[in-house]
Every structure is written in C-alpha cells, then in structure tokens.
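Note sheet for the following structure.
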Amino acid sequence: MKKFNILFRLGVIAIVCTFLSCNQGGSSPADTPTSGEIKIGVDESFAPILESHIDTFMGLYKYAKIKPVYQSEGLVMQALLQDSIRLAVATRRLNQEEKDAFAREKITPTVIHIATDGIALIINKSNTDTTLTLQQVRDIFTGKFTDWRQVSGAKASGPITIVFDNSNSSTARYILDSINLKKPLPSNTYATKSNRNLVDYIAQNKNAIGVIGVNWISDRDDTTTTSFLKKVNVVGISTKNAPTSVEDYVQPYQAYLAQGTYPLTRQVFIISREARTGLGTGFASFVAGDKGQRIVLKSGLVPASMPVRIVGFSEEEE
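Under the working numbering, the first residue of the sequence shown is numbered 2, with each subsequent residue one higher.
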C-alpha cells in the first residue's frame, strides 16, 4: 500500500510537471482577438484615421494594446516581410515577390480592403492658381513644366518646387505609377520627412506644390486638419483638357472620391501575416466591421463596406 502511494504521488507530480512545461513552451497563445499586445505598421498617410481606430478599439477592449509604427509605405512593407510587425496598413496589395517570400515561410497573408482614399495637391495661400487639369498635373510632375508661367492661364510665376512627405512614401509611388506612368520625377523634387513638415514647407514657399494623402485634410472636425487647411490651399483637378467652367474641377471631397469623379484615388488595405486568430485578426475585423467603417466615414474617406450618402437637389427644391 505504501509503495502504491509513492507511485501515485510520483505520477501526479509527473503530470503536473508535464502540464507546466507545455505552458512554458508557448502552446498557449500570447494574445487573443481582444487581448494582448502587438505592433502594427501604418503608412504615415493614414496616421490620423488609424489613431482613431486604435483608440476606439483599446477603449472597447481594455486588455488589448496595439502599438502603431508610422512610417513610409516602403518601410512598412519591409517590416511586414521581416516579421517585425503583425499587420500593415498600405495602399497596395502584395506584389509577386512579396507573395513568394511569404510562400517560402508557408504563410498565407490575409488582405482586407478597408477604404478608398485620395491624393491631394496643396499649394501656398498666395498662389491663386487653385485649379489644374490632369494633363497640367502630369506636365508638372514629369518636368515638362518647371515654372508656373508655363501653366496655361496661370497667374503665378516662378520656378516650381515639387514636395513629398518621403521619397519612399505611397504618395510618391502613386505619382510615379499613375501620373508619370513610370517616368522619373524631375530634379526639382524634394522630400520633407513627414506630412506635418510638408504642410509647413508649402505654407512658407509660394512656388511649391505638395502631394499629401487626403486623410490629413479630410476630417473637418479634427484640429490637425483645420490647422493644415488654414495654411495651404487644396487644388481642384479637371480630367478635361479644356475645361469650360469651374464645375469641371473637383477637389478630393468624400462624395467625389466615392463617385470616382476625383481622378487621384487609391485603395487602402490591411495586410495581416497572422497565422492564427490573434489580436491582429481582431483589430482587422474591427476596422472592416461596422464600428470601424463608421470611423472611416467620419474621417472623410470612403468606407469599403458602407455606402456614402450623397444628397442631391433638383432645381425645384433649390
């Protein structure tokens, strides 16, 4: 009987030790869809809206902590490939090289469309040429026009300076791909390292034209947006080569982004490398869900899964 008791106790100890060692080995996930701590990478163009998403999510789930890293899109995608971040917010899907890299790691990334955004062109307050045709935009960014006097109908004069937030940013890539059609940017192009610095530069240089994500100027209830709009003018763009009225020019307002009448639009995605249902999955689901899409709507961008209400008036109603 004594021998049996000893064996029984040893057996219990062995079971307990096995259980503890398994837990220490990491079989239990460190985070769940609503708890834990992760780091995510965000294209700096979307810092304002993602700050709102993160604050709201962590307010709802007190055991969740999301640490955003705001960088140029190029650095964000690089961090995702290197497993430095769990998910990325970017304006493009994965390219073939990136898909192959994940395939070698036996990882199947999840890509979720969350919004439609736009690219805004901003100029100094003293520059009264607040409208450009799409062809004029192309002529400026390919270097055909280097002085404001070359822009048909322009009142300003002086050498044009093109300014981006970062040479590796999504806005620079958009101009290269969609406006320049792969042609290089001219020598009068500069980068300021951040969107805030970009706005300040435009505000201080009368001949500069800047390229910025619409998210930085779209939420009229946001103090940063209102301060930016006091410093610079937003350019209206026409797709017609010979516009006949001011109605032919459109600015990057939410309704025009939704209708597709504003020509410089782009899509926003969440790309997750999470192999299980963890905090990254929970946050991505929140952003793509009802509450997250309402935040997108309020920010002035176009939600991926919620229609924008466009109110029209007939002549009789006016």
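The beta-carbon is built from N, C-alpha and C at its ideal position, and this holds for glycine as well.
Considering residue i, what are the terminal residues of the beta strand (DSSP E) in which it resides?
i	result
residue 104	Here residue 104 belongs to no beta strand (DSSP E); instead the alpha helix (DSSP H) covers 97-105.
residue 270	266-273
residue 239	237-239
residue 213	209-214
So, at 8 Å on beta carbons, what are the nonlocal neighbours of residue i in its own chain, with the 5 sequence-adjacent residues on each side left out?
i	result
residue 26	Note that residue 26 scores 34 on pLDDT, short of 50, meaning its location in the model is unreliable and no value can be drawn from it.
residue 245	none
residue 172	46, 120, 165, 166, 212, 213 and 214
residue 79	none
residue 232	126, 200, 201, 203 and 204
residue 98	none
Taking the alpha helix (DSSP H) that residue i falls in, what are its first and last residues?
i	result
residue 137	135-142
residue 196	196-205
residue 49	48-61
residue 229	224-232
residue 299	291-300
Mind reading off the beta-carbon distance from residue i to residue j? Whole number of angstroms is fine, and I expect it under 8 Å.
i	j	result
residue 152	residue 130	6 Å
residue 146	residue 274	No, residue 146 and residue 274 are not in contact; Cβ-Cβ is about 43 Å, not under 8 Å.
residue 271	residue 115	6 Å
residue 306	residue 294	6 Å
residue 1	residue 77	With the chain covering only 2 through 319, there is no way to say anything about residue 1.
residue 161	residue 148	6 Å
residue 123	residue 235	6 Å
residue 292	residue 57	7 Å
residue 175	residue 105	Incorrect: roughly 29 Å between the Cβ atoms, too far for contact.
With a Cβ-Cβ cutoff of 8 Å, do residue i and residue j count as a contact?
i	j	result
residue 207	residue 125	yes
residue 60	residue 89	no
residue 214	residue 34	no
residue 87	residue 237	no
residue 54	residue 296	yes
residue 163	residue 133	no
residue 192	residue 168	yes
residue 284	residue 113	no
What residues in its chain sit with their C-beta under 6 Å from that of residue i, if we drop five residues either side in the sequence?
i	result
residue 143	181 and 184
residue 253	119, 121, 215 and 263
residue 73	167, 169 and 170
Among residues of its own chain, excluding the 5 on either side of residue i, which ones have a beta-carbon nearer than 7 Å to its beta-carbon?
i	result
residue 81	42, 89, 272 and 274
residue 276	108
residue 251	237, 238, 257, 262 and 263
- Message: Does the structure place the stretch 86-94 close enough to the stretch 222-242 that three or more beta carbon pairs sit under 8 Å?
- Response: Counting C-beta pairs closer than 8 Å gives fewer than three between the stretch 222-242 and the stretch 86-94, which falls short of the contact rule.
- Validate contact between the stretch 215-224 and the stretch 45-52 using beta carbons, cut 8 Å, 3 pairs: With the rule of 3 Cβ pairs closer than 8 Å, the stretch 215-224 counts as touching the stretch 45-52.
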